[in-house]
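Protein sequences, first through last, are from chains L and Z. Number 711 marks the last residue of the first sequence (my numbering); no jumps. Number 366 marks the last residue of the second sequence (my numbering); no jumps. A quick write-up on the structure given underneath.
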Amino acid sequence: MDKILLKLVSLFMPVLEKTGVDTEQLYHILKVKLLMDGRRPSAMFAGRRKATATSGKASTSWAVSLVTVLMGAFIGATLFIFKMPLVGQTVYFSMFMVLMSLTLITDFTTVLLDVRDQYILMPRPVNDRTLALSRIMHISIYVFRLAFLQALPGIIMMGFIDGWLAVPLFIVQIIQITFLSILLVNVVYLVLMKMVSPQKFKDIISYFQIGFSIVIFGAYYLLPRLIDVSVLSKIDLLHYTWSYFIPPVWIAALNEVLIHPGRATIITSLMAIVGVTVPLAGLWLVAKVLAPGFNRSLMVAATSDGNTSAPITPDVVRKSKFDIVGKIANLIAADPVENAGFRITWKLAARIREFKIKVYPAFAYVPIYFLYFSLNGKGSLNQRLEALQGAKGYIFLIYLSTFIISAILQHISFSEKYKPAWVYYALPITRPGKILSGMFKAVVTLYYFPYCLVISAVSIAIWGPAVINDLIFAFFVGLIYGILMALFMVKGLPFSKPVLVKQSGGRIVTLLLITVLIAAIGFGHYFLARWETLIWVLAMLAIIVYCIMLYYYKRQTWENIELEEF
Amino acid sequence: MMSDTPLIQIRNLSKSYGSKLVLKNLSLDIYPGQVIGYIGPNGAGKSTTVKILTGLIPDFNGEVLVDGISMQHDPQEIKKRIGYVPENAELYDVLTPMEYLDFVGKLYGMEEELLTARAMKLLSAFGLGNNHNDRMDTFSKGMKQKVLLISGIIHNPQIIILDEPLSGLDANAVIMIKELIMRLSKEGKTIFYCSHMMDVVEKVSDRILLINKGEIIADGTFESLKQNHADTLERVFAKLTGRNESDSETDAIINAFD
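Structural data, given as structure tokens:
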């Protein structure tokens, strides 16, 4: 595909030559950039990057293309809602725009912010015009490829829905919505760049990646349940004045006016005109106003090396925050080695970007799963929600949150930058179990406990204070589950191992056994929940069991830990 | 080999970041075939000079002429004459050495045939002949450094600017690079060598420039610097950049244990 695109670009070469662009250089820069894009692990596949990097050259890019096409098919399904004007296409183009903007922000930002260009391309005899054009063309090719793959299923579906005549128009619509997405992304970038420092910028982008995972996951599980297609297909968008101001509606109006002229009104015609002009105006705005400013701030970010413009944060602010963490650490993990393990896990977990990208989506998965299972019943949305309140759903919710512990523990010992962990092996630590227990306590205090607190607050609000004993019991069962997980699944010190290439087989069975055990306790709990005193007793029991287990967990020796070679 | 017209002329070069003046009216003539050892403490303005000379920083005050061409007027023509090996091993490591060298060479407008042959010869000469089709993300620091060095000389430039080129290289490779620098200088290449390793600078350079706080505070052969100041380059450096002769720093460290 890249080769075809390059050929396409080559067609324009003679024209460009006259404007002072070195077409030979332009061609080679583009070729290398596209080659590298193909080999770069995509954000969507971040977890699997090592495995694919070694096995095949093109596998990641093909997988990414396939996923993009599947996404396109998924959102394309909404096109079949066409009885009422605008609705289906509006939904389609909204999702198209969201998907495209998120992909651009999460996946392409690393390319945009590649500071290496500064050292590799700048010292070579490449003139500014060539450099700027190579950048623009690289971005355009990327966007074009993305738009094409994502729209392909939709284009085919459109052929069936409105006949082949509608296809050329649909392609125009796709181009227009792509322009709008570019405008949106540019505005997001510019706002971010104005507001935060370049260092912070990358952090924010990683939050976008987390958000992206959650949106995809949530949309996949919840949208089909929340949206009643039969209701949706009867909505008359034109009844609602607010809909006149939503850009995807304008784009959808194009189809209304030209393909279904019978049901078009003056308003739809007006919107269609807006749909043609605004994206073009937006593109002009990007090219003339937004992009130059963006490039300038990018240049500053790249050449400053981060040492010239580093704002000095007053020590006073830092100190007070530091003390709270320190006090909690000293309270929970008093032993010096354990304390060190607690603090290092606390800080690294909150600061390492790749860890956050992999783990944070899990926080949102729990409520999404919960809603998914809860809404699985029959009846209207309201009926199902009422049924939920009647049942003891909170027990299910709190047991589901063990998912968070397991997600964290599965990633806690891995890091791409695992080398600094030599310090554990070089120092005279007699009981690494202390570091592990410090790590475990940090994970629980930092993530699991606050999360359970929120869930508890929600549960008490919905189901009343009678659920407190259930919550305590379930919380400690969750902790026991965590310790079991940590004991059998986590064989390394925090962030001390390279990102795993393959999961060892025997562990899966252990994981399954632990999960079944906890599920069994959960079901038992569900049936026993009527006897309040019994639950209180069980809760006390769980606390005792947990303390004993923690005591033994702390006593682990070096034999229990898989050493990493440096 | 020395000729009378300087190859690189720097006149009243100044550069500031915000209110901070990094280079203060630097003036300098460099003649063809010279090996310049460019030394100075961290933050003295060393890398800023190099970045201006290689066209990485386009806006500065003063004049930079290379081979009679002004940096402000025709930077591309100057870049063609310069080979640059940057300090922080920046290269596209998802590419193989061959792909990378092919890319860089073509940016210099080299013909494919010549380029491939030369890249292969250079890779073999640097001991990377067997790795020419492996992706560089698996390479060690030394191997990447070698590819970086090759990419700096692949177009056979007149001027070679090396910024800490020995980092990550083993002893044998260091010896080889040192010899290579001498040989290249005999071939008439001008070499601009930045480093913190005084012993290497002492050996390879026939002219040493010491920069401190944006100004050149010493300029001459190692012999002449020695006569005026101290017996090793390390001591010359320490003396001229104002490090205290007394042991106060180490005293403070030792005292910290009390």
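Ideal Cβ positions, reconstructed from N, Cα and C, are used throughout, including at glycine. Computed from a predicted model, the values in this text were never measured in an experiment.
Quiz item: On the three-state DSSP scale, how would you describe Z/T298?
Solution: strand
Quiz prompt | For L/F324, the nearest candidate out of L/L161, L/G471 and L/W429 (CA to CA) | solution = L/W429
Practice problem: Check distances from the C-beta atoms of the stretch 124-155 of chain Z to those of chain L and list, in chain order, the residues that come in under 8 Å. | Solution: Y125, G126 and K128
Quiz item: Quick one: is Z/N196 near chain L, going by C-beta distance under 9 Å?
Solution: yes
Exercise. Kindly say whether Z/T157, judged by its beta-carbon, lies nearer than 9 Å to any beta-carbon of chain L.
Key: no
Self-check item: Contacts of Z/F365 in chain L (Cβ-Cβ under 9 Å)
Solution: Simply none; closest approach about 19 Å.
Practice problem: Can you have a look at L/N400 and say buried or exposed, based on whether 16 or more other CB atoms are within 10 angstroms of its CB? | Solution: buried
Self-check item: L/I706 in three-state terms, based on DSSP
Solution: coil
Self-check item: Any chain L beta carbon closer than 9 Å to Z/G235
Solution: no
Quiz prompt | Straight-line Cα distance separating Z/E220 from Z/L161 | solution = 28 Å
Quiz item: Just to confirm, are Z/G250 and Z/D271 a CB contact at a threshold of 9 Å?
Solution: no
Practice problem: Taking C-beta pairs closer than 9 Å, name the residues in chain Z that L/V271 reaches, listed in chain order. | Solution: Q184, K187 and L215
Quiz item: Per DSSP, which one or two residues make a beta bridge with Z/A326?
Solution: Z/L318
Quiz item: Would you say L/K433 faces chain Z, with C-beta separation under 9 Å as the test?
Solution: no
Practice problem: With a 10 Å radius around its C-beta and 16 neighbouring C-beta atoms as the bar for buried, classify L/E704 as buried or exposed. | Solution: exposed
Quiz prompt | Cβ pair Z/L199, Z/K252 closer than 9 Å | solution = yes
Practice problem: Please list, in chain order, all residues of the same chain as L/N475 whose beta carbon is under 7 Å from its beta carbon, the five residues on each side excluded. | Solution: N484
Self-check item: DSSP three-state assignment for Z/R243, whether helix, strand or coil
Solution: coil
Quiz item: Candidates Z/S332, Z/G145 and Z/D201: which alpha carbon is nearest Z/T298's?
Solution: Z/G145
Practice problem: On a CA-only basis, which of L/I220, L/V394 and L/L276 is nearest L/I143? Give me that one, please. | Solution: Only positions 146 to 711 of chain L appear in this structure, which leaves residue 143 of chain L out of reach.
Quiz item: Between Z/G191 and L/Q354, what straight-line distance do the alpha-carbon atoms span, to the nearest angstrom?
Solution: 39 Å
Quiz item: If you draw a straight line from the alpha carbon of L/G201 to that of L/R184, how long is it in whole angstroms?
Solution: With a pLDDT of only 40 at L/G201, under 50, the local geometry of the prediction cannot be trusted, and the value read off the model is given with reservation. Each residue's alpha carbon lies about 9 Å from the other.
Quiz item: Cβ of Z/G163 less than 9 Å from any chain L Cβ?
Solution: yes
Self-check item: Closer than 7 Å at the beta carbon, the chain Z residues around L/H718
Solution: Outside the modelled stretch of chain L, which goes from 146 to 711, sits residue 718 of chain L, for which no answer is possible.
Quiz prompt | contact_flag[the stretch 234-244 of chain L, the stretch 319-338 of chain L] where n(CB pairs < 8 Å) is 3 or more | solution = yes
Quiz item: Comparing the C-beta of Z/Y200 with each C-beta of chain L, is any distance below 9 Å?
Solution: yes
Quiz item: Between which two residues does the beta strand (DSSP E) carrying Z/N133 extend?
Solution: K128 to I138
Quiz item: Which one or two residues does DSSP pair with L/G471 in a beta bridge?
Solution: L/G471 pairs with nothing; no bridge assigned.
Self-check item: Strand pairing of Z/Y146, partner residues [DSSP]
Solution: Z/C302 and Z/L317
Quiz item: Taking the continuous alpha helix (DSSP H) assigned at Z/Y192, which residues delimit it?
Solution: That residue, Z/Y192, is in no alpha helix (DSSP H); its beta strand (DSSP E) goes I190 to V193.
Quiz prompt | Contact set for Z/F365: own chain, Cβ-Cβ below 6 Å, skip 5 residues either direction | solution = none
Quiz item: Are the C-beta of L/I265 and some C-beta of chain Z separated by less than 9 Å?
Solution: yes
Self-check item: Beta carbon of L/M634 nearer than 9 Å to that of L/L554
Solution: yes
Practice problem: Select from L/K148, L/W608, L/K178 and L/W681 the residue whose C-alpha is nearest the C-alpha of L/L278. | Solution: L/K178
Practice problem: Taking Z/Q266 as part of the beta strand (DSSP E), name the residues at either end of that continuous run. | Solution: Element bounds for Z/Q266: n/a, residue is neither H nor E.
Quiz item: For the putative contact between Z/S313 and Z/V143, defined by C-beta atoms under 8 Å, what is the C-beta separation to the nearest angstrom?
Solution: 5 Å
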